[in-house]
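Engineer: Read top to bottom, the protein sequences are chains A and B.
Per our numbering, the first sequence starts with residue 1, numbered consecutively.
Per our numbering, the second sequence starts with residue 302, numbered consecutively.
For glycine and all other residues, C-beta sits at the position ideal for the given N, C-alpha and C.
Note that the coordinates shown come from a computational prediction; the quantities given were computed from them, not determined experimentally.
Following this message is one structure expressed as structure tokens.
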Amino acid sequence: MSAIPLRKEFLAAAPAHPSAAMLSGRVDAAKARESAGGSGTGYRRARAPEWLPAVLAPLVGLALFVALWAILAKQGGRIPDPATVFAAAVKIFADPFYSKGPNDQGIGWNVLSSLKRVGIGFGLAALAGIPLGFVIGRFRFVSGMAAPIIALLKPVSPLAWLPIGLLVFKAANPAAIYVIFICSLWPMIVNTAVGVRQIPQDYLNVARVLNLSEWKVFTKILFPAVLPYMITGVRLSIGVAWLVIVAAEMLTGGVGIGFWVWDEWNNLKVEHIIIAIFTIGIVGLLLEQALVLLARRFSYG
Amino acid sequence: MDPNRYLVVEGAGKTFETRTGDFVALTGIDLAIRKGEFVTLIGHSGCGKSTLLNLVSGLLTPSEGTILLANRHVEGPGPDRGVVFQNHSLLPWLTCFENVYLAVERVFDDKKAKLRDRTHQALELVGLSSAEHKYPHEISGGMKQRVGIARALAIEPKVLLLDEPFGALDALTRATLQDELMRIVEKTGATVLMVTHDVDEAVLLSDRVVMMTNGPAARIGEVLEIPLPRPRARLALAHDPRFMDLRAEVLEFLYAKQVHKVAKASLKVA
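In structure tokens form, the structure reads like this:
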């Protein structure tokens with residue numbers, strides 16, 4: 001989970017936005033004037049604007065990546081070159097929402113049904129995990145009770161739970177949702193509990209000297225103080241959930257981006273697999289960015 | 302009720318249980334504060350002056366002795382005492398107005414409009430009407446502390462407890478806020494108990510300065526009356542020989558009478 005570097009890149013690319021470019025341009029001009037006045041040479045007046053390398057670097061990186069890929073594809077083997085994949089992508093995204101029976105649907109439907117599973121599993125995990133996290137964070141004894149269980153189960157690959165899910169639910173879809181639930185649960189519990197434990201004593205002292213009611217303490221102090229931690233938990237959870245859903249769907253089948261990858265493998269349409277990889281990456285990136293924005297909205301100070 | 306014994310600390314002491322055994326922070330503290338009096342507690346750091354304040358605020362329970370406010374036992378924290386914390390302790394997700402309103406709403410049983418009025422008044426008293434809707438991170442340290450004072454005063458407490466309220470501020474802001482506090486206390490007639498380690502602050506603001514010996518097992522060393530007339534003007538007092546004498550007395554207590562222990566303590570640290 002490298003939220004911060006990702007965000008930086010995102011921001012670095014942002015000066016394409018005119019106001020940002022204008023702003024840094026202005027700062028730059030001021031600096032240039034200053035240095036020109038100081039030394040009298042005026043050398044730096046023609047220097048490239050500061051944001052340019054920030055925009056250029058990711059573009060150069062992507063270009064190199066595509067070039068490397070093209071070279072690898074030229075070496076033979078079964079990897080399609082970027083142009084072929086791009087052409088296939090144009091075709092696929094031209095009609096993302098077609099449906100010809102359960103095994104042949106557009107990529108849009110596949111992504112949406114994966115997102116739906118993640119949403120449900122993850123929502124259930126939030127409903128269970130956040131209150132549990134509060135209780136574990138607030139009461140030392142409960143924390144002691146939960147610690148060994150969480151420590152033991154957290155490192156288990158969520159996919160190991162899939163057979164249990166299939167056994168209990170006797171259907172693929174709820175089993176996949178249940179795997180998402182399990183993998184989202186731990187980060188949510190752990191981060192909420194940490195958040196509750198990190199509440200500054202000062203805030204609780206304010207509550208004590210004012211004799212605030214339990215309800216006020218919860219709504220005005222505990223909840224807002226824990227919220228940033230909860231959002232971190234949510235961000236970690238959704239990252240893991242998006243990783244896991246692809247694998248779970250490969251195993252369970254049905255409609256979904258993971259299943260689609262497997263299906264295209266069976267059809268030996270490697271360019272579609274590559275498209276799926278990029279699609280999964282982009283959706284994951286968007287989810288992450290959305291939560292980073294949410295987290296920034298609720299960070300104080 | 303005897304107005305000379307509005308806030309009474311009787312034989313109070315505090316012992317903390319630590320891993321290495323009991324630590325006696327305070328012992329045998331006797332202090333009576335009259336209604337409307339401004340008393341400061343001064344002493345070297347670690348002398349337990351904040352501990353004493355926390356006993357009065359109810360955040361700590363005394364291990365021995367009792368504390369009475371207006372003839373009633375202090376048992377735990379309560380809104381009859383307004384506390385201003387050293388680090389302002391404003392809730393960062395509430396605006397200045399909301400921070401004060403949270404306290405007002407808890408204490409008074411009025412209609413919403415009346416509660417809002419009280420909040421506005423408290424913020425006006427500390428000169429922050431224009432910053433009401435700002436969040437704590439949008440205002441300066443001095444302004445935050447003003448909000449802290451407004452929050453403590455808005456609940457109309459019997460006594461105002463200030464724990465080194467200006468300790469974290471720069472000298473100029475501190476001076477402004479000291480003047481402001483004097484004005485507010487004069488206007489409201491509040492009874493104040495304040496912890497400080499600033500000698501000038503103690504002499505300028507107080508009716509009495511309570512000087513504490515060094516811990517562990519700190520006690521009240523000396524109590525100095527400050528009979529300077531009010532209102533007091535900082536500039537005029539700066540050259541006033543009475544002010545200088547009083548100041549010298551506090552300094553003498555801190556740096557001559559208590560210095561021995563300090564020297565030993567710092568030797569141990571080194």
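Whole angstroms are fine: how far does the CA of A:Leu227 sit from the CA of A:Val292?
Structural biologist: Translated into the one-based positions of the first sequence, residue 292 of chain A becomes position 292. Translated into the one-based positions of the first sequence, residue 227 of chain A becomes position 227. So the two alpha carbons sit approximately 13 Å from each other.
Engineer: Between the alpha carbons of A:Met1 and A:Ile150, how many angstroms are there, rounded?
Structural biologist: Here the question's residue 1 of chain A lines up with position 1 in the first sequence. Here the question's residue 150 of chain A lines up with position 150 in the first sequence. Any reading at A:Met1 needs caution, since the residue's pLDDT is 39, under 50, leaving its predicted position unreliable; the model's value is listed next. Cα-Cα distance, rounded: 20 Å.
Engineer: What does the Cβ neighbour count give for A:Ala30, buried or exposed, with the cut at 16 atoms within 10 Å?
Structural biologist: Locating residue 30 of chain A in the first sequence gives position 30, counting from the first residue. Confidence at A:Ala30 is low in this model, with a pLDDT of 47, below 50, so the placement of that residue is unreliable and no value is reported for it.
Engineer: Do we get a CB-CB distance below 7 Å when we pair A:Arg208 with the residues of chain B?
Structural biologist: On the first sequence, residue 208 of chain A is found 208 positions in, with the first residue counted as 1. Closer than 7 Å: yes.
Engineer: Are B:Val385 and B:Ser358 close, meaning C-beta to C-beta below 7 Å?
Structural biologist: Here the question's residue 385 of chain B lines up with position 84 in the second sequence. Here the question's residue 358 of chain B lines up with position 57 in the second sequence. Taking 7 Å as the Cβ cut-off, B:Val385 and B:Ser358 do not qualify as a contacting pair.
Engineer: A:Arg33 by DSSP, collapsed to three states: which one?
Structural biologist: Numbered from 1 along the first sequence, position 33 holds the residue referred to as residue 33 of chain A. Legend: pLDDT at A:Arg33 = 48, less than 50; position of this residue unreliable, no value from coordinates given.
Engineer: Rounding to the nearest angstrom, what Cα-Cα distance links A:Lys116 and A:Val244 in this structure?
Structural biologist: Within the first sequence, numbered from 1, the residue matching residue 116 of chain A stands at position 116. Within the first sequence, numbered from 1, the residue matching residue 244 of chain A stands at position 244. A:Lys116 and A:Val244: Cα-Cα distance of roughly 14 Å.
Engineer: Do B:Leu330 and B:Val309 have their C-beta atoms within less than 7 Å of each other?
Structural biologist: The residue you call residue 330 of chain B lines up with position 29 of the second sequence. The residue you call residue 309 of chain B lines up with position 8 of the second sequence. Correcting the residue identity first, residue 330 of chain B is Ile in this sequence and not Leu. No, they are not a contact pair.
Engineer: On a CA-only basis, which of A:Tyr178, A:Gln289, A:Leu167 and A:Thr279 is nearest A:Ile231? Give me that one, please.
Structural biologist: Reading the first sequence from its first residue, position 231 is the one you call residue 231 of chain A. Among A:Tyr178, A:Gln289, A:Leu167 and A:Thr279, the Cα nearest to that of A:Ile231 belongs to A:Gln289.
Engineer: Considering only the beta carbon of each residue, do B:Lys459 and B:Leu370 sit closer than 7 Å?
Structural biologist: Taking the second sequence and counting its residues from 1, the one referred to as residue 459 of chain B is at position 158. Taking the second sequence and counting its residues from 1, the one referred to as residue 370 of chain B is at position 69. Against a cut-off of 7 Å, the Cβ pair of B:Leu370 and B:Lys459 comes out as a contact.
Engineer: Evaluate A:Tyr203 with the Cβ neighbour count: other Cβ atoms within 10 Å of its Cβ, from every protein chain shown; 16 or more gives buried, anything less gives exposed.
Structural biologist: Locating residue 203 of chain A in the first sequence gives position 203, where the first residue counts as 1. Label assigned to A:Tyr203: buried.
Engineer: Please check if any C-beta of chain A sits within less than 7 Å of the C-beta of B:Gly379.
Structural biologist: Here residue 379 of chain B corresponds to residue number 78 of the second sequence, with the count starting at 1. Yes, its Cβ sits closer than 7 Å to a Cβ of chain A.
Engineer: Could you check whether the stretch 251-264 of chain A touches the stretch 75-94 of chain A, counting it as contact only if at least three pairs of C-beta atoms, one from each stretch, sit closer than 8 Å?
Structural biologist: They do not touch, by the three-pair rule.
Engineer: When you compare each of B:Arg520, B:Tyr556 and B:Glu502 to B:Gly468 by their alpha carbons, which one comes out closest?
Structural biologist: Sequence index remark: in the second sequence, residue 468 of chain B carries index 167 (1-based). It is B:Glu502 whose Cα lies nearest to the Cα of B:Gly468.
Engineer: With a threshold of 7 Å between beta carbons, is A:Leu294 in contact with chain B?
Structural biologist: On the first sequence, residue 294 of chain A is found 294 positions in, with the first residue counted as 1. No, its Cβ sits nowhere closer than 7 Å to a Cβ of chain B.
Engineer: Please report how far the alpha carbon of A:Leu124 lies from the alpha carbon of A:Leu236, in whole angstroms.
Structural biologist: As a working note, residue 124 of chain A is residue 124 in the first sequence. As a working note, residue 236 of chain A is residue 236 in the first sequence. When rounded, the distance between both Cα atoms is 15 Å.
Engineer: Using 7 Å as the threshold, is the C-beta distance between A:Leu210 and B:Ala404 below it?
Structural biologist: Translated into positions along the first sequence, residue 210 of chain A becomes position 210. Translated into positions along the second sequence, residue 404 of chain B becomes position 103. Yes, the Cβ-Cβ distance between A:Leu210 and B:Ala404 is below 7 Å.
Engineer: Keeping to the same chain, check which residues put their C-beta closer than 8 Å to that of B:Pro393; ignore five residues upstream and five downstream.
Structural biologist: For the purposes of this step, residue 393 of chain B is identified with residue 92 of the second sequence, where counting begins at 1. So the qualifying residues of the chain are Tyr436, Pro437 and His438.
Engineer: Short of 8 Å Cβ to Cβ, which residues in the stretch 99-112 of chain A face chain B?
Structural biologist: Within the stretch 99-112 of chain A, no residue has a Cβ that lies closer than 8 Å to any Cβ of chain B.
Engineer: Three Cβ pairs or more, each shorter than 8 Å: is that satisfied between the stretch 337-350 of chain B and the stretch 493-501 of chain B?
Structural biologist: Verdict: yes, contact present.
Engineer: Have a look at A:Ala175 and A:Leu112 and give me their C-alpha separation to the nearest angstrom.
Structural biologist: Numbered from its first residue, the first sequence carries residue 175 of chain A at position 175. Numbered from its first residue, the first sequence carries residue 112 of chain A at position 112. If you take the alpha carbons of A:Ala175 and A:Leu112, they lie about 18 Å apart.
Engineer: Am I right that A:Ala225 and A:Ile199 are in contact with their C-beta atoms under 8 Å? What's the rounded C-beta distance?
Structural biologist: Numbered from 1 along the first sequence, position 225 holds the residue referred to as residue 225 of chain A. Numbered from 1 along the first sequence, position 199 holds the residue referred to as residue 199 of chain A. So it is a contact: roughly 5 Å between Cβ atoms.
Engineer: Tell me whether the stretch 512-527 of chain B and the stretch 477-497 of chain B touch, counting them as touching only if at least three CB pairs, one residue from each stretch, are closer than 8 Å.
Structural biologist: Short answer: they don't touch.
Engineer: Can you pull the DSSP bridge partners for B:Val493?
Structural biologist: Position 192 of the second sequence holds residue 493 of chain B. The partner list for B:Val493 (beta bridge, DSSP) reads B:Phe339 and B:Leu461.
Engineer: Check the C-beta distance from B:Leu426 over to B:Ala451 and give it rounded, since I have them as a contact under 8 Å.
Structural biologist: By 1-based counting over the second sequence, the position of residue 426 of chain B is 125. By 1-based counting over the second sequence, the position of residue 451 of chain B is 150. 6 Å between Cβ atoms; contact.
Engineer: Report the neighbours of B:Ser358 on chain A: residues whose CB is nearer than 8 Å to its CB, in chain order.
Structural biologist: As a first step, residue 358 of chain B must be located in the second sequence, where it is residue number 57. By Cβ distance, chain A contributes Val209.
Engineer: Please identify, using Cβ separations under 9 Å, the residues of the stretch 215-245 of chain A that lie next to chain B, in order along the chain.
Structural biologist: Result list: Lys216, Lys220, Ile221, Pro224, Ala225 and Leu227.
Engineer: Checking the sheet assignment: what are the DSSP bridge partners for B:Val309?
Structural biologist: Translated into positions along the second sequence, residue 309 of chain B becomes position 8. BP columns for B:Val309 point to B:Ala333 and B:Leu369.
Engineer: What are the start and end residues of the beta strand (DSSP E) that includes B:Arg382?
Structural biologist: On the second sequence, position 81 is the one that residue 382 of chain B refers to. Run containing B:Arg382: Arg382 to Val385, per the beta strand (DSSP E) assignment.
Engineer: Would B:Met444 be called buried (16 or more neighbouring beta carbons within 10 Å of its own) or exposed?
Structural biologist: As a working note, residue 444 of chain B is residue 143 in the second sequence. The residue is buried, with at least 16 neighbouring Cβ atoms inside 10 Å.
Engineer: At the 7 Å Cβ level, is B:Val384 part of the contact set with chain A, yes or no?
Structural biologist: Here residue 384 of chain B is taken as the residue at index 83 of the second sequence, counted from 1. Yes, B:Val384 counts as interfacial toward chain A.
Engineer: Under the three-state reduction of DSSP, which class applies to B:His438: helix, strand or coil?
Structural biologist: Start at 1 with the first residue of the second sequence, and residue 438 of chain B comes out as number 137. Helix.
Engineer: Could you tell me the distance, in whole angstroms, from the CA atom of A:Val118 to the CA atom of B:Asp471?
Structural biologist: If you number the first sequence from 1, residue 118 of chain A lands on position 118. If you number the second sequence from 1, residue 471 of chain B lands on position 170. Rounded to the nearest angstrom, the two C-alpha atoms are 52 Å apart.
Engineer: Write down every uninterrupted run of the alpha helix (DSSP H) in the stretch 144-203 of chain A whose length is 4 residues or greater and which is fully enclosed by it, in chain order.
Structural biologist: Segments of the alpha helix (DSSP H) lying fully in the stretch 144-203 of chain A: 162-169 and 172-197.
Engineer: Roughly how many whole angstroms lie between the Cα atoms of B:Asp464 and B:Tyr402?
Structural biologist: Residue mapping note: residue 464 of chain B aligns to position 163 of the second sequence, counting from 1. Residue mapping note: residue 402 of chain B aligns to position 101 of the second sequence, counting from 1. Cα to Cα, the separation comes out at about 22 Å.
Engineer: Please list the partners that B:Leu403 has in chain A, where partner means a Cβ-to-Cβ separation under 8 Å.
Structural biologist: As a position in the second sequence, residue 403 of chain B is number 102, starting the count at 1. Ordered by position in chain A, the residues that pass the 8 Å Cβ test against B:Leu403 are Leu210, Leu212, Lys216 and Lys220.
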